[in-house]
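**Student:** Quick mapping for you: the protein sequence lines, in order, are chains X and U.
Mapping of the first sequence onto my numbering: residues 2 to 428, in sequence order.
Mapping of the second sequence onto my numbering: residues 34 to 461, in sequence order.
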Amino acid sequence: MTEASFQRTAVGNVRLHVLPTDRFKTYAVALYIGSPLREDRVTRNALAPFVLRRGTKTYPTTQLFREKQADLYGAGFGFDVYKRGDYQLVQFQLDIVDDKYVSESDSLLRQGLHFLGEAVTKPALENGHFLDRYVQDEKETVRKRLEAIVNDKIRYAAERCMEEMCKHEPYRLHPLGKIADLASLTSDELYNNYIEWLKESPMDLYIVGNTTLDEVKAYVEEAFAFPERASSPDYVRAIPTKKEGSVNTVVEKLDVSQGKLNMGLRCDVTYADDRYPAALMYNGILGAFPHSKLFLNVREKASLAYYAASRYDGHKGILTIQSGIEVANYEQACAIIQEQLEEMRAGKISETELTQTRAMITNQLREGNDSAFDRIAFDFNTVLSGKKRTPEEIAEAITRVTTDEIRQFAETVQLDTIYFLRDRKED
Amino acid sequence: MEPIQIDRLQEKLYREVLPNGLTVYVLPKPGFSKTYATFTTDFGSIDNHFRLAGGEDIRVPDGIAHFLEHKMFEEPEGDIFATFASHGASANAFTGFERTAYLFSATDHVYDNLKTLIDFVQNPYFTDQNVEKEKGIIGQEIKMYEDNPDWRSYFGLISAMYQEHPVRIDIAGTVETISHIDKETLYSCYHTFYHPSNMLLFVVGGIEPEKVLELVRTNQAAKTFPPQGPIERLQPKEPAAVGQKQLIVHLPVSMPKMYFGFKEPSGVPVGEELVRRELAVKVMLDTLIGSSTSIYQTLYEEHLISDSFGHEYNIAPDYAFSIIGGDTPDPDRLLARVRELIEPVLTAGVAEADFERTRRKRIGSYLRMLNSPEAIANEFTRIRFAGGDLFELLPLYESLTLDEINSLLREHFDWSRLAVCIVRGEDQ
Numbered sequence: 002m003t004e005a006s007f008q009r010t011a012v013g014n015v016r017l018h019v020l021p022t023d024r025f026k027t028y029a030v031a032l033y034i035g036s037p038l039r040e041d042r043v044t045r046n047a048l049a050p051f052v053l054r055r056g057t058k059t060y061p062t063t064q065l066f067r068e069k070q071a072d073l074y075g076a077g078f079g080f081d082v083y084k085r086g087d088y089q090l091v092q093f094q095l096d097i098v099d100d101k102y103v104s105e106s107d108s109l110l111r112q113g114l115h116f117l118g119e120a121v122t123k124p125a126l127e128n129g130h131f132l133d134r135y136v137q138d139e140k141e142t143v144r145k146r147l148e149a150i151v152n153d154k155i156r157y158a159a160e161r162c163m164e165e166m167c168k169h170e171p172y173r174l175h176p177l178g179k180i181a182d183l184a185s186l187t188s189d190e191l192y193n194n195y196i197e198w199l200k201e202s203p204m205d206l207y208i209v210g211n212t213t214l215d216e217v218k219a220y221v222e223e224a225f226a227f228p229e230r231a232s233s234p235d236y237v238r239a240i241p242t243k244k245e246g247s248v249n250t251v252v253e254k255l256d257v258s259q260g261k262l263n264m265g266l267r268c269d270v271t272y273a274d275d276r277y278p279a280a281l282m283y284n285g286i287l288g289a290f291p292h293s294k295l296f297l298n299v300r301e302k303a304s305l306a307y308y309a310a311s312r313y314d315g316h317k318g319i320l321t322i323q324s325g326i327e328v329a330n331y332e333q334a335c336a337i338i339q340e341q342l343e344e345m346r347a348g349k350i351s352e353t354e355l356t357q358t359r360a361m362i363t364n365q366l367r368e369g370n371d372s373a374f375d376r377i378a379f380d381f382n383t384v385l386s387g388k389k390r391t392p393e394e395i396a397e398a399i400t401r402v403t404t405d406e407i408r409q410f411a412e413t414v415q416l417d418t419i420y421f422l423r424d425r426k427e428d
Numbered sequence: 034m035e036p037i038q039i040d041r042l043q044e045k046l047y048r049e050v051l052p053n054g055l056t057v058y059v060l061p062k063p064g065f066s067k068t069y070a071t072f073t074t075d076f077g078s079i080d081n082h083f084r085l086a087g088g089e090d091i092r093v094p095d096g097i098a099h100f101l102e103h104k105m106f107e108e109p110e111g112d113i114f115a116t117f118a119s120h121g122a123s124a125n126a127f128t129g130f131e132r133t134a135y136l137f138s139a140t141d142h143v144y145d146n147l148k149t150l151i152d153f154v155q156n157p158y159f160t161d162q163n164v165e166k167e168k169g170i171i172g173q174e175i176k177m178y179e180d181n182p183d184w185r186s187y188f189g190l191i192s193a194m195y196q197e198h199p200v201r202i203d204i205a206g207t208v209e210t211i212s213h214i215d216k217e218t219l220y221s222c223y224h225t226f227y228h229p230s231n232m233l234l235f236v237v238g239g240i241e242p243e244k245v246l247e248l249v250r251t252n253q254a255a256k257t258f259p260p261q262g263p264i265e266r267l268q269p270k271e272p273a274a275v276g277q278k279q280l281i282v283h284l285p286v287s288m289p290k291m292y293f294g295f296k297e298p299s300g301v302p303v304g305e306e307l308v309r310r311e312l313a314v315k316v317m318l319d320t321l322i323g324s325s326t327s328i329y330q331t332l333y334e335e336h337l338i339s340d341s342f343g344h345e346y347n348i349a350p351d352y353a354f355s356i357i358g359g360d361t362p363d364p365d366r367l368l369a370r371v372r373e374l375i376e377p378v379l380t381a382g383v384a385e386a387d388f389e390r391t392r393r394k395r396i397g398s399y400l401r402m403l404n405s406p407e408a409i410a411n412e413f414t415r416i417r418f419a420g421g422d423l424f425e426l427l428p429l430y431e432s433l434t435l436d437e438i439n440s441l442l443r444e445h446f447d448w449s450r451l452a453v454c455i456v457r458g459e460d461q
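This is the structure in structure tokens:
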């Protein structure tokens, strides 16, 4: 399915992954910096990219920095902070046009990497730490973002469900950290944390586009000024948490017109496990597609919802189910969803469900080949899990998964938490 | 089949108009695993009052285009998603102000999937029972949007600006308006707007153009469509003034959300001129208040805006408006500051360097967009329906002038045509 694979080397203990291809009109660049989710570090790490995007040594004001970004044909520069398994990941990303479509004398890839290198490793400083003004602004920005989670009720319900389910694990933490920790953080503390973070964290830099490993290596060496890194740390896999006790039901009331029903389930299979393809099939048959059991039974047959779906987080070993329903239909929706889980446990899976789900998963895997950033994200799963998989291998494994293997996997799936967000009216 | 060579973008586009009026475009993307196809009708939420040449006036309930989109997926033998799934295709659809698009993406059985797409969209199957059942599902879709502050402020602003034009109604309608939809009204819309001459098929990906076209030709030749004259869309006369200067919506939010915008006089240009105006106004707005401008930075540093602050511009032959804003702790103060900061620029004009930088930025995002088969098909169709050509935007960008931008700036920021919508909690 793929025409080439990633070529790899390292620069200063930062892993470099390059995929040379002329299929895209841009160069896609992604830098992953990971750190274990920890109460005392999560907020500080999350703040780092926010402060970094305010200014660099060469472009000390935010406006100069953004003007430079615009000058580079609007390089798509951005960052994201999220969780994968028990890690907090900060991902910087850059999407910059291939010179051949515009008239530009200096290589845009080179200029783009210099821009990213500046942003990540050469921040604007005063008195040996970040600028107080930038730190104050960005603490405010992160606080507003954390407070704004409640505005999007679908996301809020999903995050509350995870928070309840994982209340005794690091996974309960929000990737942006805690509002309570923001106020007291100083520029000095943040800067020291940032240096530690750059020294100790696993780091992976990906480039996909019309280039070569040697060219990229040379640019990265001149563009990035990482502090001395003693080693190139790997990600450590966590063992999935087992479900203990009975199902935890949480009901929360807010001024909403639609109820949000979320469920969190645990399983003991993660990305590196041999049963991973069976887990993918389970999720596909249960709720990942419009032909899946949840969509058919909650939406099409009972007409209870517009969306009813499941998701499988292979790095954490968690399945989630989400649906938006009329508050009064809570019991009925719960019952229908639980019936579907029961069917999965009983191995009540038709040949058609198997074929359709296989075809859909295979298609998803192949489609990823057409997007540079999807190629990067897929490859990064290998770095994160320690298990080398290619889309072709997973697709091939999917064709061999039997109903019995899916049923065996279903037996390990335990409903842990039911979270229901409803209106304030009484029943 | 006419191949159109687009040298600067290294693309080759194939086009054919079939005898029944259907326009087909094929863009091969060598090396791509995926094929993405959209089958789009020039029928959206604003088309609620119309007449076929020689026929009578038809007025339909709000939200019917979207309702029809939902119902098309049902076939006598069941849900069409199952057929797509058997061939590993992920299918979907969406309804906008002006069009309804059906689509799939697939890496295998591409020609089977293409046939499924065309056949299901050309085979309506509505029953009293399946229409009633859909009301529960769409009712939940409407309720989902009711809880969404972004959606509420966006549509709140449009409904404040427009007094008569149906762009002011919610695309999905309301629980009340969709209660009046029955299979007869659905068929009536279907037969008017789903005629091949009102539709466009776009196929992009790792496909052979001649094979795609041959499949479509054969498929269409086997079906009969009665000849159809032009559709007359009966739009009400929209007054020049905004309907409501300020609209407040109460929803529980962590911080107020404010969108404001300017309603342009109706009777704006059509065809290529419309597309040029769209590009030019977008460049103008970005040069003035985009994220790399001094106004944006000033507002950000005054903590009046967050990263959510943005702008957009919508233009069609009978409406055109901007939408600007995002989360803010103090909507009144933000609006006052925006006005203070913009006024001097209205007099002096934007600087040449800022304009050039923005032009480069927009050219960059245009080229980035062309990496995505989905974006190509959707944008191509949208611009084609407006009378322009997605693949001709590069020379258009290059031909924009500073004078043009500055004159649009002065024309657009007419404070008498300003409307504001604020979403806030009861206690904010």
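Ideal Cβ placement from N, Cα and C applies to all residues, glycine included.
(1) For the region 257-268 of chain X against the region 172-184 of chain U, are there 3 or more C-beta pairs whose distance is under 8 angstroms?
(2) I'd like to know whether the C-beta of Y60 of chain X is nearer than 8 angstroms to at least one C-beta of chain U.
(3) I'd like to know whether the C-beta of G121 of chain U is nearer than 8 angstroms to at least one C-beta of chain X.
(4) Leaving out five residues before and five after Y158 of chain U in sequence, what residues of the same chain have Cβ atoms less than 7 angstroms from its Cβ?
(5) Can you tell me where the alpha helix (DSSP H) with E407 of chain U in it begins and where it stops?
(6) Over the uninterrupted beta strand (DSSP E) stretch that includes A429 of chain X, give me the two end residues.
(7) Residues of the region 392-422 of chain U in Cβ contact with chain X at a cutoff of 8 angstroms, in chain order, please.
(8) Buried or exposed for P52 of chain U, please, with buried defined as at least 16 other CB atoms from any protein chain shown within 10 angstroms of its CB.
(9) Hey, S17 of chain X and V217 of chain X are a contact pair by Cβ (cut 8 angstroms); roughly how many whole angstroms apart?
(10) By Cβ distance, which residues of its chain are closer than 6 angstroms to Q70 of chain X, with the 5 residues on each side in sequence left out?
(11) Could you tell me which chain U residues have their CB closer than 9 angstroms to the CB of P291 of chain X, listed as they occur along the chain?
(12) If I follow the unbroken alpha helix (DSSP H) through G397 of chain U, where does it start and stop?
(13) List, in order along the chain, the chain U residues whose C-beta lies closer than 8 angstroms to that of S258 of chain X?
(14) Within a Cβ cutoff of 6 angstroms, which residues of the same chain sit near T56 of chain U, ignoring the five residues on either side of it in sequence?
(15) Hey, which unbroken runs of the beta strand (DSSP E) at 3 residues or more fall wholly within the region 170-258 of chain U?
(16) Distance cutoff 8 angstroms, beta carbons only. Does F93 of chain X sit that close to anything in chain U?
(17) To the nearest angstrom, how far is the alpha carbon of I97 of chain X from that of L110 of chain X?
(18) If you reduce the DSSP assignment to three classes, tell me which class R230 of chain X lands in.
(19) Leaving aside the five residues before and after I438 of chain U along the sequence, list all residues of the same chain whose C-beta is less than 7 angstroms from its C-beta, in chain order.
(20) Only counting the same chain, and skipping five residues up and downstream in sequence, which positions put a Cβ closer than 6 angstroms to that of T3 of chain X?
(21) Can you tell me where the beta strand (DSSP E) with P278 of chain X in it begins and where it stops?
(22) Could you give the distance in angstroms between the alpha-carbon of S192 of chain U and the alpha-carbon of K278 of chain U?
(23) What are the residues in the region 132-146 of chain U lying within 9 angstroms of chain X by C-beta distance?
(24) Find the residues of chain X that neighbour R390 of chain U, judging by a C-beta separation of less than 7 angstroms, and give them in chain order.
(25) Tell me the DSSP secondary structure of K145 of chain X in three-state form.
(26) Quick one: which chain U residues come within Cβ less than 7 angstroms of T363 of chain X?
(27) Assuming L177 of chain X and V52 of chain X form a contact by the criterion Cβ under 8 angstroms, report the distance between their Cβ atoms to the nearest whole angstrom.
(28) Taking beta-carbon pairs under 7 angstroms, can you tell me which members of the region 275-296 of chain U lie near chain X?
(29) Go to E68 of chain X, then tell me how far its beta strand (DSSP E) extends in each direction, as first and last residue.
(30) Quick one: Cα of V371 of chain U to Cα of A349 of chain U, how far?
(31) For S304 of chain X, return the contacting residues in chain U, with the cut-off set at a CB-CB distance below 7 angstroms.
(32) Could you check whether the region 299-306 of chain X touches the region 317-335 of chain X, counting it as contact only if at least three pairs of C-beta atoms, one from each stretch, sit closer than 8 angstroms?
(33) Measuring only between beta-carbons, confirm whether I39 of chain U sits less than 8 angstroms from chain X.
(34) Near N330 of chain X, what residues of its chain come up, given a Cβ to Cβ distance below 7 angstroms and the 5 sequence neighbours on each side ignored?
(35) Nearest-angstrom Cα distance between E296 of chain X and G86 of chain X?
(36) For V414 of chain X, count neighbouring Cβ atoms within 10 angstroms of its own Cβ and tell me buried if that reaches 16, exposed if not.
**Tutor:** According to the structure data:
(1) Contact between the region 257-268 of chain X and the region 172-184 of chain U is present: three or more C-beta pairs spanning the two stretches fall below 8 angstroms.
(2) no
(3) yes
(4) E107, E108, P109
(5) 406-419
(6) Beyond the ends of chain X as shown, which are 2 and 428, falls residue 429 of chain X; an answer cannot be given.
(7) R393, K394, R395, I396, G397, S398, L400, R401, L403, N404, S405, P406
(8) By the neighbour-count definition (other C-beta atoms within 10 Å, threshold 16), P52 of chain U is an exposed residue.
(9) Looking at the sequence itself, residue 17 of chain X is Leu, so the reference to Ser does not match. The beta-carbon distance between L17 of chain X and V217 of chain X, rounded to whole angstroms, is 7 angstroms. This is short enough to meet the 8 angstroms contact definition.
(10) A76, F78
(11) F106, D112, F114, A115, F117, A118, S123, A124, N125
(12) 385-402
(13) Ordered by position in chain U, the residues that pass the 8 angstroms Cβ test against S258 of chain X are K176, E179, D180.
(14) Counting only Cβ-Cβ distances below 6 angstroms, and skipping sequence neighbours, we find V50, L233.
(15) 232-238
(16) no
(17) 7 angstroms
(18) coil
(19) A313, V316, M317, T320, V383, F388
(20) With a pLDDT of 44 at T3 of chain X, under the threshold of 50, the predicted position of this residue should be treated as unreliable, though the coordinate-derived value follows. These residues qualify, in order along the chain: N370.
(21) Run containing P278 of chain X: none in the beta strand (DSSP E); it sits in the alpha helix (DSSP H), 277-284.
(22) 11 angstroms
(23) Residues S138, A139, T140, D141, H142.
(24) The answer, in chain order, is E68, A71, D72.
(25) If DSSP states are grouped into helix, strand and coil, K145 of chain X belongs with the helices.
(26) G121
(27) About 13 angstroms; that fails the 8 angstroms criterion.
(28) Here the close residues are P285, V286, S287, M288.
(29) Counting along the chain, E68 of chain X falls outside any beta strand (DSSP E), though it belongs to the alpha helix (DSSP H) covering 63-72.
(30) 27 angstroms
(31) Those within 7 angstroms of S304 of chain X in chain U are K166, G169, I170.
(32) yes
(33) Against chain X, the CB of I39 of chain U has no partner CB under 8 angstroms away; the residue lies outside that interface.
(34) By the criterion of a C-beta distance shorter than 7 angstroms, N330 of chain X is surrounded in its chain by L305, once the five residues flanking it on both sides are discounted.
(35) Looking at the sequence itself, residue 296 of chain X is Phe, so the reference to Glu does not match. Using only the alpha carbons, I get a separation of about 27 angstroms.
(36) buried
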